[in-house]
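Written below as structure tokens is the structure these notes are about.
Residue numbers (this note's numbering): 255 to 672.
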């Protein structure tokens with residue numbers, strides 16, 4: 255790409271299996287992307303319909319990735335949207351798990367290109383499938399074509415206008431901003447009246463990420479007690495309100511499209527502040543630029559979060575970018591951490607990297623599902639006990655004694671080996 259210097263168009267071919275792969279190639283400078291094997295898989299599995307479905311899947315995934323990356327058009331996809339992070343040695347370690355994933359027995363309609371590959375394997379005579387699917391000798395390059403995409407993560411969108419990281423609010427257990435602002439206002443005021451100490455606004459969901467398990471399960475939105483008398487989540491009601499619900503796919507995605515306000519942007523923080531005296535924190539910050547903007551608009555704190563990895567796949571792990579955001583904030587407002595915490599040792603590491611506190615989501619859900627209120631208490635107690643033991647063994651009498659010197663990151667380990 256650098257050698258050509260824009261003198262002629264450069265197209266890309268090799269390893270594309272997702273719309274996310276297409277965005278990565280475009281971000282690295284390709285003018286367009288070719289797809290070969292995916293089209294063959296679709297053709298072998300379901301004929302002309304399969305080819306159309308494969309192309310439509312890649313197009314839908316690309317458009318969703320662009321939206322969640324803050325790119326209104328292909329021209330807005332830039333080099334800053336991609337970041338190569340991992341060592342190439344990881345590809346060889348993960349090939350077995352990839353093949354196992356692809357070759358599992360298919361059930362129902364395929365929802366991604368990899369599942370079309372398995373259908374193609376079942377439909378074609380072995381010699382022809384091996385011809386289309388195979389590579390030379392040890393097939394290292396064949397596998398590396400796909401794996402190299404997996405090592406490229408996204409740098410989240412910067413806060414220029416209505417970008418993805420401050421464009422919408424949609425998450426369970428936080429305040430959401432609905433198309434009906436009166437409904438949002440009622441929920442905020444109800445929280446304030448009932449003694450809540452702060453409002454947490456999730457800002458990383460202009461639309462829902464592609465959650466393929468929900469699509470396969472045809473996820474149904476439950477009728478929530480909080481909305482009784484205010485908003486129905488029943489399918490019939492939603493169909494009356496709009497035409498976005500379909501027979502196939504996730505009804506939760508349809509619900510989100512129908513009722514959540516996708517036009518929310520930075521200036522709307524002022525509206526939220528005007529209807530409550532509670533401090534407002536924003537959850538879903540992944541870049542230093544958005545962290546700085548959050549301080550400028552006057553929020554009381556931020557939560558570093560990638561929405562439990564349920565929005566844009568290949569965004570950085572939150573623990574990997576926590577310290578960068580801590581430095582950008584410079585102690586002006588509290589920074590909280592969310593994502594991947596399963597042990598008290600994880601809590602300790604996040605605190606050592608500068609987080610003021612740590613949020614736990616899935617562990618609490620697991621405890622609740624398994625043993626109700628008792629399960630939640632046990633999960634919290636386990637994490638607390640593990641944290642206290644880690645502190646004791648690290649020579650930290652209190653949380654205030656946990657410092658940056660107590661942990662080493664992957665970057666530091668690699669640097670020490672040079």
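Just so it is clear, CB atoms sit at the ideal spot from N, CA and C, and this is done for glycine as well. Computed from a prediction, not measured in an experiment: that's the story for all the values here.
Check whether residue i and residue j have beta carbons under 7 Å apart
| i | j | result |
| --- | --- | --- |
| residue 299 | residue 335 | no |
| residue 312 | residue 277 | no |
| residue 551 | residue 523 | yes |
| residue 591 | residue 604 | yes |
| residue 630 | residue 622 | yes |
| residue 691 | residue 536 | The structure shown does not extend to residue 691, since the chain is modelled only from 255 through 672, so no value can be given for it. |
| residue 386 | residue 294 | yes |
| residue 366 | residue 268 | no |
| residue 318 | residue 407 | no |
| residue 308 | residue 296 | yes |
| residue 530 | residue 598 | no |
| residue 660 | residue 648 | yes |
| residue 452 | residue 532 | yes |
| residue 576 | residue 595 | no |
| residue 270 | residue 287 | yes |
| residue 615 | residue 562 | yes |
| residue 264 | residue 255 | yes |
| residue 378 | residue 389 | no |
Top-ranked residue by Cα proximity to residue i, from the options
| i | options | result |
| --- | --- | --- |
| residue 526 | 643, 608, 436 | 436 |
| residue 651 | 628, 621, 602, 667 | 602 |
| residue 404 | 569, 595, 589, 653 | 569 |
| residue 458 | 532, 293, 517, 670 | 517 |
| residue 528 | 648, 292, 443 | 443 |
| residue 549 | 261, 582, 644 | 582 |
| residue 273 | 379, 566, 256 | 566 |
| residue 613 | 454, 450, 659, 431 | 454 |
| residue 328 | 269, 283, 557, 295 | 283 |
| residue 433 | 395, 515, 653, 656 | 515 |
| residue 560 | 531, 593, 362, 513 | 593 |
| residue 303 | 445, 409, 363 | 363 |
| residue 521 | 657, 305, 547 | 547 |
| residue 538 | 617, 456, 474 | 456 |
| residue 324 | 637, 409, 270, 389 | 409 |
| residue 401 | 265, 632, 275, 571 | 275 |
| residue 556 | 657, 540, 512 | 540 |
| residue 279 | 672, 320, 628, 653 | 320 |
| residue 301 | 373, 632, 600, 666 | 373 |
For residue i, the first and last residue of its enclosing beta strand (DSSP E)
| i | result |
| --- | --- |
| residue 286 | 286-288 |
| residue 655 | Counting along the chain, residue 655 falls outside any beta strand (DSSP E), and DSSP gives it neither H nor E. |
| residue 538 | 534-539 |
| residue 273 | Note, residue 273: premise wrong, no beta strand (DSSP E); alpha helix (DSSP H) at 273-281. |
| residue 558 | 555-558 |
| residue 267 | 265-267 |
Extent of the continuous alpha helix (DSSP H) run through residue i
| i | result |
| --- | --- |
| residue 522 | 522-528 |
| residue 647 | 616-647 |
| residue 544 | 542-551 |
| residue 395 | 394-404 |
| residue 322 | 291-322 |
| residue 668 | 664-671 |
| residue 329 | That residue, residue 329, is in no alpha helix (DSSP H); it is neither H nor E in DSSP. |
| residue 380 | 380-387 |
| residue 369 | 367-377 |
To test your reading of the DSSP string, which unbroken alpha helix (DSSP H) runs of 4 or more residues are found completely within the region 434-483? 435-447, 466-471
Does the structure place the region 462-476 close enough to the region 507-519 that three or more beta carbon pairs sit under 8 Å? yes
Could you check whether the region 605-612 touches the region 571-590, counting it as contact only if at least three pairs of C-beta atoms, one from each stretch, sit closer than 8 Å? yes
Which whole runs of the alpha helix (DSSP H) in the region 562-623 are 4 residues long or more, in chain order? 572-583, 598-606
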